[in-house]
């Protein structure tokens, strides 16, 4: 549901313009997750941009995810990339990459304890991307070796999971770790003929995906806190996180319990 139904178009516009002009906006008096989600979605519907919301508890994060989705935003929760055994959670890595690649209609949510936690270095992952291009000739064995080196594995099921691939004749299916759906690549001998985006739930549904497909690695070596990796176009939303300083390079929306002042709204 569009948030303008509740706040009206003028409020919708005023909040977004204030944030864009000041780059710092503090809102007080939003007492629950529904109100905060309504205000955040109001701003993002008027000025879409990649966004990260930091809150204190996982229960609050889940409630915010629900209400942001209710107000027509793609809301997802970022989780640690590795489990206690040091194994990579491919679903968590997928969400991290979707966020870092800067989708303007997506807001990611993380709990405060992860703000300084080490995440994969996005810069390193970008440097190790493999790309297929239409009309490009490739040495298939070498490409498979490179994919395996980057953490991809052969999928036994027709329905691939992120980080899996499978080949059947001149067709190569792959689910790039940074994507939310798989792709199908058709070959003519050793030349890429066509790249299709495939529906992850209905493999019979596919559409042209353009002339190029990139595949980010599943494994990594370098790490850095997410707080120092955020792209400059990111909107940082802080939910009662008064100890987190406003990064100079980012626009910041801050929810606080403090009373309204000249600085707070």
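Numbering (the working numbering), first residue to last: 41 to 305. Where a beta carbon is used, it is the ideal one built from N, C-alpha and C, also for glycine.
Residue interval of the alpha helix (DSSP H) (run including residue i)
i	result
residue 167	162-167
residue 180	180-189
residue 76	73-86
residue 95	No alpha helix (DSSP H) holds residue 95; the beta strand (DSSP E) holding it covers 91-95.
residue 133	130-140
residue 99	98-110
Backbone CA spacing between residue i and residue j [nearest angstrom]
i	j	result
residue 269	residue 175	35 Å
residue 293	residue 103	19 Å
residue 156	residue 94	11 Å
residue 136	residue 192	17 Å
residue 92	residue 166	20 Å
residue 112	residue 203	28 Å
residue 77	residue 108	5 Å
residue 143	residue 90	6 Å
residue 264	residue 121	12 Å
residue 106	residue 141	23 Å
residue 249	residue 225	10 Å
residue 69	residue 275	21 Å
residue 251	residue 171	10 Å
residue 86	residue 125	43 Å
residue 230	residue 99	51 Å
residue 260	residue 162	9 Å
residue 59	residue 82	12 Å
residue 247	residue 123	35 Å
Exposure label - residue i; buried when at least 16 CB within 10 Å
i	result
residue 232	buried
residue 169	exposed
residue 45	The predicted model places residue 45 with a pLDDT of 48, which falls under 50 and marks its position as unreliable; any figure quoted below should be read in that light. Under this definition residue 45 is an exposed residue.
residue 97	exposed
residue 62	exposed
residue 179	exposed
residue 302	Here residue 302 scores only 46 on pLDDT, less than 50, and its place in the model should not be relied on; the value that follows carries that caveat. Flag for residue 302 reads exposed.
residue 196	exposed
residue 57	exposed
residue 116	buried
residue 291	buried
residue 73	buried
residue 194	exposed
residue 138	buried
Nearest-angstrom Cβ-Cβ length linking residue i and residue j, presumed shorter than 8 Å
i	j	result
residue 277	residue 80	6 Å
residue 84	residue 147	7 Å
residue 189	residue 262	Not confirmed; about 16 Å, so no contact.
residue 149	residue 101	5 Å
residue 152	residue 289	That belief does not hold up - the Cβ atoms of residue 152 and residue 289 are roughly 20 Å apart, past 8 Å.
residue 215	residue 227	Between residue 227 and residue 215 the Cβ distance is about 18 Å, and since that is not below 8 Å, they are no contact.
residue 239	residue 221	6 Å
Beta strand (DSSP E) segment containing residue i, residue limits
i	result
residue 237	231-238
residue 293	291-296
residue 265	263-265
residue 223	223-228
residue 212	211-214
residue 116	114-117
residue 148	146-151
residue 248	246-248
residue 275	275-279
residue 67	64-68
residue 254	252-255
residue 127	It is not in any beta strand (DSSP E) - residue 127 carries neither H nor E in the DSSP assignment.
residue 170	170-173
CB contact below 8 Å: residue i versus chain C
i	result
residue 127	Absent from the structure: chain C. Only one protein chain is present.
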